[in-house]
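Participant: Numbering (this note's numbering), first residue to last: 10 to 278. Structure below; questions to follow.
Next comes the structure, spelled out in structure tokens:
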């Protein structure tokens with residue numbers, strides 16, 4: 010009887026603890042964006058191999074040149090209004106011969122919320138490419154505003170009209186003269202995908218690395234990595250080169266109908 014009583018007491022104690030002393034549930038910590046590239050499980054939409062660096066900030070800044078060269082363009086990183094004025098004046102001079110600029114933007118999103126545009130990329134046909142780190146600048150010179158707002162100078166790219174809308178919303182930079190390259194590709198019946206990467210490969214035979222681990226990396230980091238710099242520069246330069254290719258078959262005067270006209274897709278219509 011004593012053994013039975015001890016046994017029943019243990020059973021009752023176990024039931025009592027099970028019902029009245031539940032352990033605290035475990036909740037995983039909230040997701041936070043990391044600037045580190047993962048080398049495993051690459052994105053299925055990647056068009057090339059993973060970056061050789063595992064982090065967008067892993068290369069010491071002293072080893073990164075400024076300016077540097079990408080696809081025959083001298084690329085300059087701009088963080089001050091004074092430097093911006095000098096190079097924007099050069100770019101405007103380039104536009105006297107060919108009034109077209111490749112334009113693209115990069116930004117950071119946290120938990121699905123877009124932050125202000127962090128980087129503005131501009132490329133001229135005379136071999137100048139500017140990576141302007143907007144979030145680091147305390148003022149935007151009149152020269153930059155005048156260049157972006159000049160409707161006589163085409164700003165070309167994919168989704169370029171919406172890039173202009175973001176710049177207006179975030180910094181009050183009014184962008185005029187945007188021409189979405191997809192209008193021109195559609196007119197010429199270019200086959201394949203109409204993203205910048207798809208057009209570059211189909212039209213130019215250039216394969217861009219569109220790995221999401223680069224496009225979604227930290228564009229607000231103190232220093233941009235070599236991978237980020239090259240990625241950003243190529244987007245603006247390739248946009249310009251695509252326009253130059255389409256310009257062989259479409260006169261610039263015939264492109265006025267597409268100026269500041271957003272290209273409608275099922276995602277933005």
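Just so it is clear, CB atoms sit at the ideal spot from N, CA and C, and this is done for glycine as well.
1) Please report how far the alpha carbon of residue 261 lies from the alpha carbon of residue 112, in whole angstroms.
2) Among the candidates 90, 122, 106 and 83, whose CA atom is the shortest distance from the CA of residue 131?
3) Within the same chain, show all residues whose beta-carbon is closer than 8 Å to that of residue 152, passing over the 5 residues directly before and after it, in chain order.
4) Give the straight-line distance between the Cα atoms of residue 106 and residue 120, rounded to the nearest whole angstrom.
5) Does the structure place the stretch 228-241 close enough to the stretch 155-167 that three or more beta carbon pairs sit under 8 Å?
6) For residue 187, is the classification buried or exposed, using 16 other Cβ atoms within 10 angstroms of its Cβ as the cut-off for buried?
7) May I ask you to verify whether the stretch 183-203 touches the stretch 217-229, counting CB pairs closer than 8 Å and requiring at least 3?
8) Classify residue 163 as helix, strand or coil using the three-state DSSP reduction.
9) With DSSP as the reference, label residue 208 as helix, strand or coil.
10) For residue 116, which residues of its own chain have a beta-carbon under 7 Å away from its beta-carbon, when the five flanking residues on both sides are left out?
11) Helix, strand or coil: which one does DSSP assign to residue 187?
12) Between residue 89 and residue 203, what straight-line distance do the alpha-carbon atoms span, to the nearest angstrom?
13) What I want to know is whether the C-beta of residue 252 ends up closer than 8 Å to one or more non-hydrogen atoms of the ligand FAD.
14) Using only the alpha-carbon positions, how far apart do residue 166 and residue 146 sit?
15) Residue 217 to residue 247, Cα distance in whole Å?
16) Looking only at its chain, what residues have a beta carbon closer than 6 Å to the beta carbon of residue 269, apart from the 5 residues adjacent to it on each side?
17) Given this structure, state the Cα-to-Cα distance separating residue 52 from residue 180, to the nearest angstrom.
18) Which residues in the same chain have their Cβ closer than 6 Å to the Cβ of residue 141, if we skip the five residues on either side of it in sequence?
19) Closest by CA to residue 274, which one among 103, 148 and 168?
20) Would you mind reading off the limits of the beta strand (DSSP E) that contains residue 114?
21) Which first and last residues belong to the beta strand (DSSP E) in which residue 128 is found?
22) Mind checking whether residue 85 and residue 133 have CB atoms under 9 Å apart?
23) Using DSSP bridges, identify the partner residues of residue 78.
24) Below 7 Å CB to CB, which residues in the same chain sit around residue 108 once its five sequence neighbours on both sides are set aside?
25) Could you have a look at residue 104 and say whether DSSP puts it in helix, strand or coil?
26) Which residue comes first and which comes last in the alpha helix (DSSP H) that contains residue 176?
27) Have a look at the DSSP bridge pairing and note the partners of residue 138.
Facilitator: Looking at the coordinates:
1) Linking residue 261 to residue 112 through their CA atoms gives a straight-line distance of about 17 Å.
2) Measuring from the Cα of residue 131, the nearest candidate turns out to be 83.
3) Setting aside the 5 residues that flank it on each side, residue 152 is surrounded in the same chain by 93, 94, 97, 98 and 101, each with a C-beta closer than 8 Å to its C-beta; the list follows chain order.
4) Answer to the nearest angstrom: the Cα atoms are 44 Å apart.
5) No, they do not touch.
6) Residue 187 should be labelled buried.
7) Output reads no: the stretch 217-229 does not touch the stretch 183-203.
8) Residue state for residue 163 is assigned as strand, using DSSP reduced to three classes.
9) Note: residue 208 maps to helix in three-state DSSP.
10) Setting aside the 5 residues that flank it on each side, residue 116 is surrounded in the same chain by 123, 124, 125, 126, 127 and 228, each with a C-beta closer than 7 Å to its C-beta; the list follows chain order.
11) Residue 187 falls in the strand class under three-state DSSP.
12) In a straight line, the C-alpha of residue 89 is about 35 Å away from that of residue 203.
13) The ligand FAD is absent from the structure shown, which contains no ligands of any kind.
14) As the crow flies, the alpha-carbon of residue 166 is around 24 Å from that of residue 146.
15) Whole-angstrom Cα-Cα distance: 9 Å.
16) Around residue 269: 187.
17) Residue confidence is low: residue 52 scores 34 on pLDDT, short of 50, so the model does not pin down where it sits. No coordinate-derived value is stated.
18) Hits under 6 Å: 87 and 129.
19) Among 103, 148 and 168, the Cα nearest to that of residue 274 is on 168.
20) Where residue 114 is concerned, the enclosing beta strand (DSSP E) starts and stops at 109-119.
21) Per DSSP, residue 128 is one residue of the beta strand (DSSP E) stretching across 122-133.
22) Taking C-beta atoms as the reference points, residue 85 and residue 133 fail to come closer than 9 Å.
23) Under DSSP, the beta-bridge partners assigned to residue 78 are 83.
24) These residues qualify, in order along the chain: 161, 162 and 163.
25) Residue 104: coil per DSSP, three-state reduction.
26) From DSSP, the alpha helix (DSSP H) with residue 176 extends over 169-180.
27) Partner(s): 84 and 132.
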